[in-house]
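Those letters in the sequence shown? Residues 444 to 725, per this note's numbering, in order.
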Amino acid sequence: MEVIKNRKILQDFIERQKEMGKKIGFAPTMGALHKGHLSLYEEAKKENDLVISSIFVNPTQFNNPEDLEKYPRDINRDILILENSGLVDAVYIPEVTDIYPEKAESQHYDFDGLENEMEGKSRPGHFDGVGTVVEELFRQIQPDVAYFGEKDFQQLAIIRKMVDKKHIPVKIKGVSIYRAENGLALSSRNQRLHEDRKEASKIIYETLNKVNDWFRTVTIPEIKERVEDIFDEQQGMQLEYFLIADENTLQETDFFYKDRNFRAFIVVVVDGVRLIDNMHLD
444 MEVIKNRKIL QDFIERQKEM GKKIGFAPTM GALHKGHLSL YEEAKKENDL VISSIFVNPT
504 QFNNPEDLEK YPRDINRDIL ILENSGLVDA VYIPEVTDIY PEKAESQHYD FDGLENEMEG
564 KSRPGHFDGV GTVVEELFRQ IQPDVAYFGE KDFQQLAIIR KMVDKKHIPV KIKGVSIYRA
624 ENGLALSSRN QRLHEDRKEA SKIIYETLNK VNDWFRTVTI PEIKERVEDI FDEQQGMQLE
684 YFLIADENTL QETDFFYKDR NFRAFIVVVV DGVRLIDNMH LD
């Protein structure tokens, strides 16, 4: 596996691969790798000649400087995980100046309102940061297909919107949420939880499954009330928000329409660690 640590070396590497006509699959990460990340590379390996990873903790998508400071970083561990997986041909680990040559600041994007829903309401500018770094990585790596997990469903929708509006020649593919045996969605943030709290947090997935059952026969306001009641009873957990939204617009709904697809979204803070999850409603 090639470990590429600056933009010039990456440029030479990509030029060689393109000259050989290789199809490139790519999934960007911020490190702290786990099996959820590897599931992206498993998909990429099936469909491409070359699989590239990147590890870059993007400063422009953190609203809270403390979150940026606390974000887990262990490059050597991450490189070892990728090497041992046998799924990745190259990993790009840029410096901030490789992504932001002058100043680490975001471009402004119009995502047709997707950026104003859910996460965007409490994290202004977050998706401008996501768009900026992903667009720059696409420009440098020139992938044919890029893979993103559905756990960050709003991010996935926004990247699809950016690619469509800017006519970027890359196919975006969503990959199903990778879960622990107890159902908890895998996340780099989970590393900050004690094992007993990880086990207790399975209530998030269990609640989403109940919502999937309820939505056939129970009104959305009643579902929301039931979810709030569940988390009122959980010690050390705070329900930040729960909502049901149209999968295309991400706009919250209080009523089910037969001709639309809906998804339940939830954010729970467990001992100060913010966990997000979602589920398509059948």
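Beta carbons are placed, not taken as given, at the ideal position from N, Cα and C, and that holds for glycine.
In this text the structure is predicted, and so the values were computed from the model without any measurement.
Every unbroken stretch of the beta strand (DSSP E) spanning 3 or more residues and falling wholly within the region 514-563 is given here in chain order: 533-535. Distance from the CA atom of T662 to the CA atom of F698, rounded to whole angstroms, is 7 Å. Between M444 and V534, the C-beta spacing is below 8 Å. Sequence-distant partners of V494 (beyond 5 residues in either direction) whose C-beta falls short of 7 Å from its own C-beta, in its chain, are G468, Y484, A487, K488, L530, V531 and D532.
At a Cβ-Cβ threshold of 8 Å, P515 and Q634 count as neighbours. The beta carbon of R450 is closer than 8 Å to those of P537, D541 and Q583 in its chain, skipping five residues each way along the sequence.
Judged by DSSP in its simplified three-state form, N721 adopts strand. The beta-carbon separation of L693 and A628, rounded to 18 Å, does not stay under the 8 Å limit for a contact. DSSP places E683 within a strand segment (E or B) once states are collapsed to three. Residue burial is scored here from C-beta neighbours: Y700 has fewer than 16 other C-beta atoms within 10 angstroms and is therefore classed as exposed. For the set G464, E509, H637 and D720, the Cα lying nearest the Cα of I646 is the one of D720. Cβ-Cβ separation between D571 and Q550: approximately 6 Å, consistent with a contact (criterion under 8 Å).
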